[in-house]
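Numbering (my numbering), first residue to last: 3 to 207. What follows is a single structure, written as structure tokens, with notes after it.
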């Protein structure tokens, strides 16, 4: 039996952490769809044309250890606005979502475009300032030379680009449950997500 959990939201809201934990909790497969765009972005930084990069993408490329850099994040956000890039990656995501045993997908347009029929939809968000501080601490811990002001500006720029793109803009699905993590610990946020899923999960799934 397939059971899909769609988790959307802006950068650094906590959706990735929550998605991984939810998948582990229920034994579902997990796909961070942002990695698809990061992998394409990585290829474009190496000189490849975006659409060709998306069409040639392999699952193995999602395992690359350097996909979490700020430079690749910006490249990913830029290629994600290209309709042909998004179209090339849709089938991969939909097939993953309906796999037997349950799946959790997190991204920007999972509940609205990729899996509009998902059994559970969450929109995980937090204020730009909170998200920027989280990202700043994450990047600083990795040795990146950034300032809080730069990171906040990047967060706001990325939010605008994701929300205003013509194809599959980032927005909450009409039937998604809003989960604001601004003032929640990861444990509290996860507990809320698990509670929401438990209410609709069929017995034995």
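By construction, the Cβ of each residue, glycine as well, lies at the ideal position given by its N, Cα and C atoms.
Take the alpha-carbon of residue 112 and the one of residue 118: they are about 7 Å apart. The DSSP-derived three-state label of residue 139 is helix.
Apart from the 5 residues on each side of it in sequence, residue 62 has no Cβ closer than 6 Å to any other Cβ in its chain. Under the three-state reduction of DSSP, residue 126 is assigned to strand.
Contact between residue 11 and residue 127 is confirmed by a C-beta separation of about 5 Å, below the 8 Å threshold. Every alpha helix (DSSP H) stretch that sits fully inside the segment 42 to 116 and reaches 4 residues is listed by chain position as 52 to 57, 72 to 81, 85 to 99.
Annotation: residue 122 to residue 201 spans about 10 Å, alpha carbon to alpha carbon. Under the three-state reduction of DSSP output, residue 19 falls in the helix class.
Contact between residue 79 and residue 160 holds: their C-beta atoms lie close to 5 Å from each other, under 8 Å.
Here the C-alpha atom of residue 36 lies approximately 11 Å from the C-alpha atom of residue 95.
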